[in-house]
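Numbering (the working numbering), first residue to last: 53 to 327.
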């Protein structure tokens, strides 16, 4: 296996000129992980990626496509490590893909097909989330939270100003994921702040698209299920959920199952009313 990797990595071809070269190294890396030659395979693989990046820079007319393919290849290689329980090498290669996407995000790409096909900021955020989930599996909550926050920042820059209710709903879900990580750190204040942000976004999404009652239901249910984590501010959120339900009753966008949702809100809010 080592000789195969050395042969592949010594070839004077790079991704783009020969798309199979890095792909072959990726497959060699996977086999090496099974056979125990991971360190050598890792070194050769990273060297091939770096050479391929240099080659991409020398052909700017399609460098963005090559770089995107290399980032995807890094994703697959990193996941191969993680599947074998190799946290640090897996994160290292995932982070290499992240750096490639950071370069792509800074490039002024005029290729309309690429811009329509590849959402670089979203993929950049996804790279951060993948690293965060790797740290979660390794029980390293503080580092996972840092990566979640970085991914959220990248995603927020892309979607928040646009006012797409479904993108805002997705951002809210990422914030909820980060809140769960913050609870594991533990960082209760940080957790509550993240939950508050997520509820604000869910409410905004519901108001932007009143015809989609699923968004309204998601906001109300999130207010209910997050009650134990929010403490005293739960009363405020439950009141906002109740107000949304009342506003929709009898209108064109009434929420199916409204009575059940009212009961959930009232039950969750009972301790705050009696207190």
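Every residue, glycine too, gets a C-beta built ideally from N, C-alpha and C. Just so you know, these numbers come straight off a predicted model, no measurement behind them.
Once the 5 residues before and after residue i are set aside, which same chain residues still bring their CB inside 7 Å of it?
| i | result |
| --- | --- |
| residue 298 | none |
| residue 186 | 134, 139, 142, 143, 146 |
Would you mind reading off the limits of the alpha helix (DSSP H) that contains residue i?
| i | result |
| --- | --- |
| residue 203 | 193 to 211 |
| residue 219 | 217 to 236 |
| residue 112 | Neither: residue 112 is in no alpha helix (DSSP H) and is coded neither H nor E. |
| residue 159 | Taken as a continuous stretch (DSSP letters only), residue 159 belongs to no alpha helix (DSSP H), as it is neither H nor E. |
| residue 261 | Unbroken run through residue 261: none, as it is neither H nor E. |
Tell me whether residue i sits in a helix, a strand or coil according to DSSP, three-state version.
| i | result |
| --- | --- |
| residue 304 | coil |
| residue 315 | helix |
| residue 309 | coil |
| residue 172 | helix |
| residue 141 | helix |
| residue 273 | helix |
| residue 190 | coil |
| residue 278 | coil |
| residue 239 | coil |
| residue 88 | coil |
With 16 other CB atoms within 10 Å as the buried threshold, where does residue i fall?
| i | result |
| --- | --- |
| residue 149 | buried |
| residue 289 | buried |
| residue 114 | exposed |
| residue 169 | exposed |
| residue 246 | buried |
| residue 306 | exposed |
| residue 318 | exposed |
| residue 217 | buried |
| residue 63 | Confidence at residue 63 is low in this model, with a pLDDT of 40, below 50, so its placement is unreliable and no value can be given for it. |
| residue 102 | exposed |
| residue 171 | exposed |
Can you list, in chain order, the residues of its chain with a C-beta nearer than 6 Å to that of residue i? Leave out the 5 residues immediately preceding and following it.
| i | result |
| --- | --- |
| residue 123 | 149, 152, 153 |
| residue 253 | 220, 223, 224 |
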